[in-house]
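Please read the structure below before turning to the comments.
In full-length UniProt numbering, the protein residues as written are 1 to 453.
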């Protein structure tokens, strides 16, 4: 039957946008009690502000002082310079701004991921719908992702500690799924935000390797140039601290804390907890090589095949596992990974689809409720875990590694998205995300077509 309800479809899209906005407001309001209970002074935010204050008042103290009762400033000098801007105002205002920015970043990530998922779905019932309905589906899915994220333990921890994890994740999501997709005169944006994110927290630089292998030369070049710009600016303002950080401090895995601490959910933490304080360098090398190989293969092949959402989330899964220290509150993209794994796994045949969905569900069940917080931590208690305590703490690094290897094998076995019989002959569906066509060339002497309108 022919559809003639375009105005109604537009109304549905408008309501979906309002619904998503309402969820954003609710999620923002959820953070107020956290800030009030902490008297608008969150622990990690205080360390950020201490580091920012040192930039212009006592640069030598930036990496030599233990702030807030014994904690090092562990970010690059460029991050300290960014925090110096926050330090210009009252600390409670800075705390509120950072919390609000984190919620805004989380909402934007939810929308970008959801739009990318809906845009990539190839289902007959959805393909037959007009663009307004598909946009409504994207906003509805974004509300689900946002709520799941806000209720997850990593995001709750990020807000409670006053961390910047959501802002770093947003920079890369915007690059892969938002403004970084611009072409033409705005193509310089591709990769730039990833480079800036790496200037603040190093680890996003790993995402440049899949860009290169997927043939995204411009994005990889821009990311490297943006990172180099942050390095140059840091050297100009903080030359001694920049040299010290990149030649010595960056390579000390103990500065953020004990690597065997239960909240460290990387494979490095896994190796330390299972083999002892030294962490068995051989075991770490084997596990890290496996993570790097599987992560780069899966991420680059997804990027090459056009699955930008999958590439982003798989790239971050690789970063989570590979980083020497991955505190539980770093895992802010796991709820989005869950939604992508369930909905977007249609690209693979049935067997792969079932396995991936089961694995991503197990990963989410470990991370979202925070099972790792149910075991004792600190004081060396990690070396005396019972089997059940160890299962709670090690579930993410083990299951995450299994999922990453599965994704790599799935992309190797099925490099192109799978198409069902029902959709093989269907016409391509217009994407929700569309780029404006280039402006036509108008000769200056053609007065007939160069009139003002």
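Glycine included, every Cβ here is placed at the ideal spot set by N, Cα and C. Small disclaimer: the values here were computed from a predicted structure and weren't measured.
Beta-bridge pairing of residue i - partner residues as DSSP gives them
i	result
residue 264	327
residue 71	67
Reduced DSSP category for residue i - H, G, I as helix; E, B as strand; rest coil
i	result
residue 414	coil
residue 308	helix
residue 241	helix
residue 58	coil
residue 388	helix
residue 361	helix
residue 345	helix
residue 214	coil
residue 120	helix
residue 429	No answer about residue 429 holds up, because its pLDDT of 47 lies below 50 and its placement is not dependable.
residue 38	coil
residue 76	coil
residue 274	helix
residue 248	coil
residue 368	coil
residue 419	Residue placement at residue 419 cannot be trusted, given a pLDDT of 43 that sits under 50; the coordinates are not used to answer.
residue 31	coil
residue 397	helix
residue 443	Legend: pLDDT at residue 443 = 45, less than 50; position of this residue unreliable, value from coordinates given subsequently. Three-state DSSP puts residue 443 in coil, outside helix and strand.
residue 235	helix
residue 88	coil
residue 424	Because the pLDDT at residue 424 is just 37, under 50, the model does not fix this residue reliably, and the point stays unresolved.
residue 254	coil
residue 380	coil
residue 49	helix
residue 259	coil
residue 407	helix
residue 297	helix
residue 332	coil
Euclidean distance between Cα positions of residue i and residue j
i	j	result
residue 60	residue 239	11 angstroms
residue 318	residue 134	31 angstroms
residue 107	residue 256	28 angstroms
residue 21	residue 48	30 angstroms
residue 263	residue 12	43 angstroms
residue 347	residue 142	21 angstroms
residue 275	residue 315	27 angstroms
residue 413	residue 303	16 angstroms
residue 454	residue 349	With the chain represented from 1 up to 453, any question about residue 454 goes unanswered, as that position is not in the structure.
residue 266	residue 246	22 angstroms
residue 169	residue 333	8 angstroms
residue 424	residue 121	Annotation note: pLDDT 37 at residue 424 (below 50); position unreliable, coordinate value reported separately. Going by the C-alpha atoms only, they are around 13 angstroms apart.
residue 367	residue 375	14 angstroms
residue 309	residue 202	21 angstroms
residue 209	residue 221	11 angstroms
residue 259	residue 196	27 angstroms
residue 104	residue 405	33 angstroms
residue 399	residue 355	12 angstroms
residue 118	residue 305	16 angstroms
residue 77	residue 351	48 angstroms
residue 25	residue 410	39 angstroms
residue 344	residue 160	31 angstroms
residue 435	residue 153	For residue 435, the predicted structure reports a pLDDT of 48, less than 50, and the residue's modelled location is therefore unreliable. The matter cannot be settled from this model.
residue 42	residue 72	16 angstroms
residue 323	residue 394	15 angstroms
residue 253	residue 325	7 angstroms
residue 136	residue 192	30 angstroms
residue 70	residue 307	43 angstroms
residue 95	residue 82	14 angstroms
residue 237	residue 91	23 angstroms
residue 311	residue 285	24 angstroms
residue 151	residue 270	26 angstroms
residue 158	residue 214	32 angstroms
residue 443	residue 244	Reliability of the predicted coordinates at residue 443 is poor, the pLDDT of 45 falling under 50, and the value obtained from them is presented with this limitation in mind. Going from the Cα of residue 443 to the Cα of residue 244 covers about 57 angstroms.
residue 34	residue 144	22 angstroms
Supposed contact pair residue j and residue i - C-beta distance, whole angstroms, cut 8 angstroms
i	j	result
residue 52	residue 86	6 angstroms
residue 55	residue 80	5 angstroms
residue 31	residue 99	5 angstroms
residue 156	residue 138	About 25 angstroms; that fails the 8 angstroms criterion.
residue 415	residue 301	6 angstroms
residue 407	residue 229	Rounded, the Cβ-Cβ distance is 33 angstroms, inconsistent with contact.
Short CB-CB distance (under 7 angstroms) between residue i and chain D
i	result
residue 354	Here chain D cannot be found, since the structure has a single protein chain.
Near the ligand ADP: residue i beta-carbon under 6 angstroms from a heavy atom
i	result
residue 332	Ligands displayed in this structure: none; no statement on the ligand ADP is therefore possible.
Inset, instruction - Taking only runs that begin and end inside the segment 135 to 186, name each unbroken alpha helix (DSSP H) of 4 or more residues, in chain order. - result: 153 to 161, 165 to 177
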